[in-house]
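Shown next, in structure tokens, is the structure this report addresses.
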Amino acid sequence: MGYSVVRGGAEAMQAAEEMLDFARLGGLDRGDAEAAPPTSEVIDMMLRSQRSAVDRIMAEAGFYAPRLAATALVQAEGDAIEASFILRSLRASLPRIEPALPVEVAKMRVLRRISSAFKEVPGGQYLGPTRDYTLRFLRRALEDELPAARLSEVIAALGGDDGALPEMPRVVEMLREMGLISQPPEPPEEEPVDITMQPLRFPRPPRSARLQALARGETGMLNGLAYSSLRGYGHVHPTLGELRVGAVPVRVKHPQWDVPVDIGEVTLTLCDGIISGVAMVTATGDEDIRLDLGFGASFGQQEARAISMAILDGCLAEGTSDGPADDMEFVLYHIDGIESLGFVEHLKQPHYMLFASVMDRLAGANARRAEARDAESRANTGEMAE
Amino acid sequence: MTEMQAQTREAPAYPYGYLDEFMKGSVRVAILKAVCIPGYQVPYVSEEVPIARGYGSGGLQITLSIIGREDRFKVIDEGDDETVNAQNLRRMIGTVTGNVATRDPARATIIQSRHKVPEAPLAEGQIVVLQSAFPDALRFFERSEAVSRQMHAEGDYAKLWLRLYESVIDHGEIMIGGRYPVMVGGRYVLDPTHVPRWDLPMMDNSPALFLFGAGREKRIYAIPPYTSVVPLGFDDHPFRVEQQEGRACLLCQSTDSFLAPVLRMGGAYDWVCSDTAYCRARRGEELEDAQWLDQ
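Line order of the protein sequences matches chains X and B.
Take the first sequence: its position 141, counting from 1, is numbered 636 in my numbering, and each next residue is one higher.
Take the second sequence: its position 210, counting from 1, is numbered 280 in my numbering, and each next residue is one higher.
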């Protein structure tokens, strides 16, 4: 009997995979399969039109590879965590050659830069492509949109390139020079820890390890935990010194000549949160009160991710166990979407033997209870007879 | 009417004021209750509007629920008529009502604002709608809604006073920057939103009605006209507004309005009026009206 179950399982598994492709290719909708574009074109379309999804997948995977992310998105039928899971699995098979040099923020080709701390900042503020101030009407007319025509309209409306942007010093660096920013509680690390090569160690993983764990965190969980601290289950409510989105060169030290060389470019979102506290400035002792910083970053244009990360960096730096978002283990063990999704979904695996053991205990316990009840009722009957 | 004419692309048809009548009604009921019980946080149903949560959805729901065709409205963000957030809300309200928007606070019957009370004196009949992120002044030390509501109900502000006292002991001063708690009508402690402390005296016994909308938290509260608003403080450590000695507005030289810093290269500051309409009026500029498509 057991033998046939295993054989049936293998066939079912195979068929399940076929059915996934059946569903992915529109089989469930009974559409015209002949009219569907080749899958490579679908991947192209994802890359061109699903920028946020692709960015999110790369961020959660911790792996910058837009076309591979778009392919994963297609493979996963739009399930973002599943796609980042696929991408991260691929990453595990690739060599990690060496850490890149720190990103030079001043070298960013800025797409967008805002500050919520100052009305004007040196270098100016650039709204860039943002949904922040759009009205969220459903644009039903998209059904009739012709991409090429609309694109040339947009290009005409935006006008030409204004040339190079001015120098944009980092706002928090200026505040630091003015002596307003506190020293981080931990000394700077020589080399960042890579949590794909060294495990997280509690109670206090180094900041680089925390930042990496947060940077790969699941978008919803980052957002939810950061919100809980903002709202009252914690107290980190930063003012954004600045939020930048743009492309930066990836630089490594040349293995032979010891000079930095550009090996590519990535789009990043960077967030400097000034943890001023929304209501109460807190500090002790006689020293001047200074402001703490929280830092957030994400691949792509992923602003809520970067802001949430800056909040959680601030929460974890303080180390006070005030709310869930301040709890180092709670945050770092539950932030990863691939881990949490995997473990929640593992409940679908067979637990036949575990369940049989539970049932065995249940039967035993209930039998003892029944016995006890019987004994009690016999005793009661005895009393009544007296 | 120049830059403001940018219309919302592909906005579908909607009723006057965008919200359906049931929604408007539920907001109005909450407002009436809030006005009857100054400082009390009235729960209400807060449906999604096409402005993101945290961008003024509560204020917008109030404005859209009370606005009538004769109203002239003004929208400011940190005192500024021209920030993108202010422009966006003005466009939204203008588009779905067809009402005239103004930058002149004296001509406005409804002033929707984030983080600022207009510097110019308010008048009877005017309504200031403040966008509120945190309706509960007790939230910063009591996270549980159930507990803080009971504290409000019993007028039990001992923990709050203790916090203020501890702050004085630690720092020699009550270290609350914005969201400074005020006692309204001698009964409820209220979160006046993130207006500067500078603005709180302007709320005291004001002839105007203040309505506070917290859309995400689903609360409306109010300070009716001619109601006392007393920022909390101690006899020996009284409430103080922000100190502005030695500063004047770079543009209009004002020293009697709340000044916001502008960061310059190298870390220097300039100061300008946060209330742009006030600043422009002092410089003799005309404060324009704007209108969108007719409804």
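The beta carbon of each residue, even a glycine, is placed where N, CA and C say it ideally should be.
Every value quoted in this text rests on a predicted model; they were computed, and no experiment measured them.
Could you tell me the distance, in whole angstroms, from the CA atom of Asp817 (chain X) to the CA atom of His732 (chain X)?
If you draw a straight line from the Cα of Asp817 (chain X) to the Cα of His732 (chain X), it is about 14 angstroms long.
In chain order, what residues of the same chain lie with their CB nearer than 6 angstroms to the CB of Ile121 (chain B), ignoring the 5 residues before and after it?
Listed in chain order, the non-local C-beta contacts of Ile121 (chain B) below 6 angstroms within the same chain comprise Ser127, Leu130, local neighbours out to five positions each way being set aside.
Going by DSSP, name the residue or residues bridged to Leu788 (chain X).
Answer by DSSP bridge pairing, in chain order: X:Ile769.
If you follow the beta strand (DSSP E) that Met253 (chain B) is in, where does it begin and where does it stop?
Membership of Met253 (chain B) in the beta strand (DSSP E) is indicated by the continuous run 252-254.
Who are the Cβ neighbours of Arg233 (chain B) in its own chain at under 6 angstroms, not counting the five residues just before and after it?
Closer than 6 angstroms at Cβ, skipping near neighbours: Phe211.
Between the alpha carbons of Ala643 (chain X) and Thr534 (chain X), how many angstroms are there, rounded?
Going by C-alpha positions, Ala643 (chain X) is about 21 angstroms away from Thr534 (chain X).
Quick one, are the C-beta atoms of Leu89 (chain B) and Val199 (chain B) less than 8 angstroms apart?
In this structure, the beta-carbon distance from Leu89 (chain B) to Val199 (chain B) does not fall below 8 angstroms.
Output, in chain order, the set of chain X residues within a Cβ distance shorter than 8 angstroms of Gly337 (chain B).
Listed by position along chain X, the residues whose Cβ is nearer than 8 angstroms to that of Gly337 (chain B) are Met669, Leu670, Glu672, Met673.
Chain X within 8 angstroms of Ile121 (chain B), Cβ atoms only:
It does: the Cβ of Ile121 (chain B) has a partner Cβ on chain X nearer than 8 angstroms.
One question on the structure: do Thr762 (chain X) and Gly741 (chain X) come within less than 8 angstroms of each other, judged by their Cβ atoms?
Contact: yes.
Local conformation of Pro271 (chain B) per DSSP, three classes
In the three-state reduction of the DSSP assignment, Pro271 (chain B) falls in the helix class.
Using the three-state DSSP reduction, which class does Lys485 (chain X) fall into: helix, strand or coil?
Since the displayed chain X opens at 496 and closes at 881, residue 485 (chain X) lies outside it and no answer follows.
Taking only beta-carbon atoms, is Arg334 (chain B) less than 8 angstroms away from chain X?
Chain X contact via Cβ: present.
Would you please verify whether the beta carbon of Arg289 (chain B) is less than 8 angstroms from any beta carbon of chain X?
Closer than 8 angstroms: no.
Count the other CB atoms, across all protein chains shown, that sit within 10 Å of the CB of Ala774 (chain X); report buried if there are 16 or more and exposed otherwise.
Low per-residue confidence applies at Ala774 (chain X): pLDDT is 38, beneath 50, and the placement is therefore not dependable, though the value from the model is reported in the following sentence. With 16 or more other Cβ atoms from the protein chains shown falling within 10 Å of its own Cβ, Ala774 (chain X) counts as buried.
Where Val99 (chain B) sits in the DSSP three-state scheme
Looking at Val99 (chain B) - three-state DSSP - the assignment turns out to be helix.
Which full runs of the alpha helix (DSSP H) of 4+ residues lie inside the region 606-684 of chain X, going along the chain?
As for any alpha helix (DSSP H) of minimum length 4 sitting wholly inside the region 606-684 of chain X, the runs are 642-653, 666-672, ordered along the chain.
Counting only the same chain and skipping the five closest in sequence on each side, list residues whose C-beta sits under 8 angstroms from that of Ser793 (chain X).
Contacts found: Asp550, Ala554, Ala710, Leu763, Thr764, Arg800, Ala801, Met804.
Leaving aside the five residues before and after Gly729 (chain X) along the sequence, list all residues of the same chain whose C-beta is less than 8 angstroms from its C-beta, in chain order.
For Gly729 (chain X), where only same-chain residues beyond five positions count, the Cβ hits under 8 angstroms are Ser723, Cys810, Asp817, Gly818, Pro819, Ala820, Asp821.
Please classify Met669 (chain X): is it buried, with 16 or more other beta-carbons within 10 angstroms of its beta-carbon, or exposed?
By the neighbour-count criterion, in which a residue is buried when 16 or more other Cβ atoms sit within 10 angstroms of its Cβ, Met669 (chain X) is buried.
Alpha carbon to alpha carbon, how far is Ala858 (chain X) from Val826 (chain X)?
Straight-line Cα distance between these residues: approximately 39 angstroms.
At a Cβ threshold of 8 angstroms, is Met775 (chain X) touching chain B?
In this prediction, Met775 (chain X) has a pLDDT of 44, which is less than 50 and means its spatial position is unreliable; nothing more can be read from the coordinates.
In chain order, what residues of the region 155-185 of chain B put their CB closer than 7 angstroms to some CB of chain X?
Result list: Asn155, Asn158, Met162.
Sort out for me which residues DSSP pairs Trp341 (chain B) with in a bridge.
Partner(s): B:Pro331.
Can you find a CB in chain B that lies within less than 8 angstroms of the CB of Arg631 (chain X)?
Answer yes: the Cβ-Cβ gap between Arg631 (chain X) and chain B drops below 8 angstroms somewhere.
Quick one: using the 10 Å Cβ neighbour count with 16 as the cut-off for buried, is Arg645 (chain X) buried or exposed?
Taking a 10 Å sphere around the C-beta of Arg645 (chain X), we find fewer than 16 other C-beta atoms and assign the residue as exposed.
Using 8 angstroms as the limit for Cβ to Cβ distance, is Arg209 (chain B) near chain X?
Among the residues facing chain X, Arg209 (chain B) is included, as its CB has a counterpart in that chain under 8 angstroms away.
Terminal residues of the alpha helix (DSSP H) in which Glu737 (chain X) lies
Bounds of any alpha helix (DSSP H) do not take in Glu737 (chain X); it lies within the beta strand (DSSP E) bounded by 734-748.
Please return the same chain residues whose Cβ sits closer than 7 angstroms to the Cβ of Gln220 (chain B), not counting the five positions on each side in sequence.
No residues qualify anywhere along the chain.
Using the beta-carbon count (16 or more within 10 Å), is Ala704 (chain X) buried or exposed?
It is buried - the Cβ of Ala704 (chain X) has at least 16 other Cβ atoms within 10 Å.
Please state if the CB of Ile136 (chain B) and the CB of Ile181 (chain B) are separated by a distance shorter than 8 angstroms.
In this structure, Ile181 (chain B) sits away from Ile136 (chain B), with a CB-CB distance that is not shorter than 8 angstroms.
Residues sharing a beta bridge with Leu260 (chain B), DSSP:
Partner(s): B:Val252.
With a threshold of 8 angstroms between beta carbons, is Glu513 (chain X) in contact with chain B?
By this cut-off, Glu513 (chain X) is not an interface position.
With 16 other CB atoms within 10 Å as the buried threshold, where does Cys106 (chain B) fall?
With fewer than 16 other Cβ atoms within 10 Å, it is exposed.
On the DSSP letters alone, give me the boundaries of the alpha helix (DSSP H) that Asp539 (chain X) sits inside.
Where Asp539 (chain X) is concerned, the enclosing alpha helix (DSSP H) stretches over 534-544.
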